[in-house]
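Engineer: I have a structure I would like to understand better, so I am pasting it below and will then ask my questions one at a time.
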Amino acid sequence: MNITKYTQIVEPSWLERPSPQVAPDLVGCTMVRQLADGQILRGMIVETEAYGPNDPACHAYRRRTARNEVMFGPAGRSYVYLIYGRYYCLNIVTDQESVPSAVLIRALQFESVPSSIELSPVLKLARIAAGPGKLCQILQIDLSLNAQVLQIGQPLWLEHRHPQFAPDIVQTTRIGLSQGADLPWRWYLRNCPAVSKL
DNA sequence: TCTAAGATGGCA
DNA sequence: GCCATCTTAGAA
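Quick note, the first sequence lines up with residues 1 to 198 if you use our numbering.
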């Protein structure tokens with residue numbers, strides 16, 4: 001089975017569901033980043049978390065603000081934010097318009113080291129995009145990629161997983177939260193070295 | 001205006 | 001375990 005050669009683009013309508021439904025379905029899908037020079041980077045999504053309405057850990061829990069605005073918009077756009085003044089995190093906006101909801105992409109698995117990346121021994125390939133901040137570094141994502149429509153020809157888009165690929169997905173609680181830590185809204189591919197060790 | 005905390009990651 | 005680093009949102 002060649003997962004990388006299957007390129008069925010994810011349409012916004014497929015993302016118009018509650019984030020806890022979309023998040024596990026995104027595990028095994030491919031995140032695609034096209035740089036300004038045309039170079040394309042691809043990584044398989046191996047870890048996700050859902051955030052949604054009535055969720056105390058969601059950035060939009062209290063009210064609509066300039067930062068979380070895109071979460072209230074239509075599905076199929078990016079939501080990028082700065083965390084700890086140091087790293088960016090990438091989310092996929094989900095659900096119906098006006099319902100603040102998104103899926104955080106926490107880890108990607110690459111099949112080869114992107115040529116845009118400084119060397120890096122093969123030993124480290126498995127973990128070059130292990131973590132929401134690290135994957136944004138690899139994909140060269142910053143706030144300029146916030147609120148972008150995910151479609152081919154844009155800087156970012158998603159491709160469905162191969163129809164014959166049935167990932168072994170584990171469901172558990174989210175990471176790094178002080179509120180809403182009890183909700184089992186994190187999913188990851190079992191036995192994948194890029195997944196957070198928690 | 002002021003300030004505490006944050007969906008992190010690297011290093012000791 | 002600790003800290004870099006700075007935006008955001010809630011409090012005052």
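Beta carbons are placed, not taken as given, at the ideal position from N, Cα and C, and that holds for glycine.
1) Check the C-beta distance from residue 103 over to residue 23 and give it rounded, since I have them as a contact under 8 Å.
2) Tell me whether residue 183 sits in a helix, a strand or coil according to DSSP, three-state version.
3) Please identify the residue among 107, 52 and 174 whose C-alpha is closest to the C-alpha of residue 44.
4) Assign residue 22 to one of three DSSP states: helix, strand, or coil.
5) Which full runs of the beta strand (DSSP E) of 3+ residues lie inside the region 101-168, going along the chain?
6) Put residue 70 into one of helix, strand or coil per three-state DSSP.
7) Which residues in the same chain as residue 138 place their Cβ atom closer than 8 Å to its Cβ, once the five residues preceding and following it in sequence are excluded?
8) Can you list, in chain order, the residues of its chain whose CB lies under 8 Å from that of residue 188, leaving out five sequence neighbours each side?
9) Within 10 Å of its beta-carbon, does residue 174 have 16 or more other beta-carbons around it, so buried, or fewer, so exposed?
10) Cα-Cα, which of 158, 99, 183 and 145 is closest to residue 81?
11) Between the Cα of residue 96 and those of 88, 75 and 79, spot the shortest distance and give me the residue it belongs to.
12) What would DSSP say about residue 15, mapped onto helix, strand or coil?
13) Take residue 134 and list the residues in its own chain whose beta-carbon comes closer than 6 Å to its own, dropping the five residues that flank it on each side.
14) Do you know offhand how far residue 155's Cα is from residue 148's?
15) So, for residue 34: in the same chain, excluding its five sequence neighbours on each side, which residues have a beta-carbon less than 7 Å away from its beta-carbon?
16) What three-state label does DSSP hand residue 40 in the structure shown?
Structural biologist: Quick look at the numbers:
1) In the first sequence, residue 103 corresponds to position 103, counting from 1. In the first sequence, residue 23 corresponds to position 23, counting from 1. Contact holds; Cβ gap of about 5 Å.
2) Your numbering for residue 183 matches position 183 in the first sequence. For residue 183, the secondary structure class from DSSP, reduced to helix, strand or coil, is coil.
3) Numbered from 1 along the first sequence, position 44 holds the residue referred to as residue 44. Residue 44 has its Cα closest to that of 107, out of 107, 52 and 174.
4) Taking the first residue of the first sequence as position 1, residue 22 is located at position 22. Helix.
5) As far as the region 101-168 is concerned, its whole beta strand (DSSP E) runs of at least 3 residues are 102-109 and 156-159.
6) Position 70 of the first sequence holds residue 70. In the three-state DSSP reduction, residue 70 falls in the helix class (H, G or I).
7) Here residue 138 refers to the residue found at position 138 when the first sequence is read from its first residue. Answer for residue 138: 41, 43, 108, 110, 114, 117, 128 and 129, listed in chain order.
8) Here the question's residue 188 lines up with position 188 in the first sequence. Around residue 188: 27, 46, 47, 48, 106, 107, 169, 170, 172, 195 and 196.
9) Mapped onto the first sequence, residue 174 falls at position 174. Buried.
10) Sequence index remark: in the first sequence, residue 81 carries index 81 (1-based). The option with the nearest alpha carbon to residue 81 is 145.
11) For the purposes of this step, residue 96 is identified with residue 96 of the first sequence, where counting begins at 1. Sorting 88, 75 and 79 by C-alpha distance to the C-alpha of residue 96 places 75 at the top.
12) Here residue 15 corresponds to residue number 15 of the first sequence, with the count starting at 1. DSSP places residue 15 in helix when its eight states are reduced to three.
13) Reading the first sequence from its first residue, position 134 is the one you call residue 134. In its own chain, leaving out the 5 sequence neighbours on each side, no residue places its CB closer than 6 Å to the CB of residue 134.
14) One-based indexing of the first sequence puts residue 155 at position 155. One-based indexing of the first sequence puts residue 148 at position 148. For the pair residue 155 and residue 148, the Cα-to-Cα distance works out to about 8 Å.
15) For this step, residue 34 is matched to residue 34 along the first sequence. Within the same chain, residue 34 has close Cβ partners 40 and 155.
16) Residue mapping note: residue 40 aligns to position 40 of the first sequence, counting from 1. Reduced to three states, the DSSP call for residue 40 is strand.
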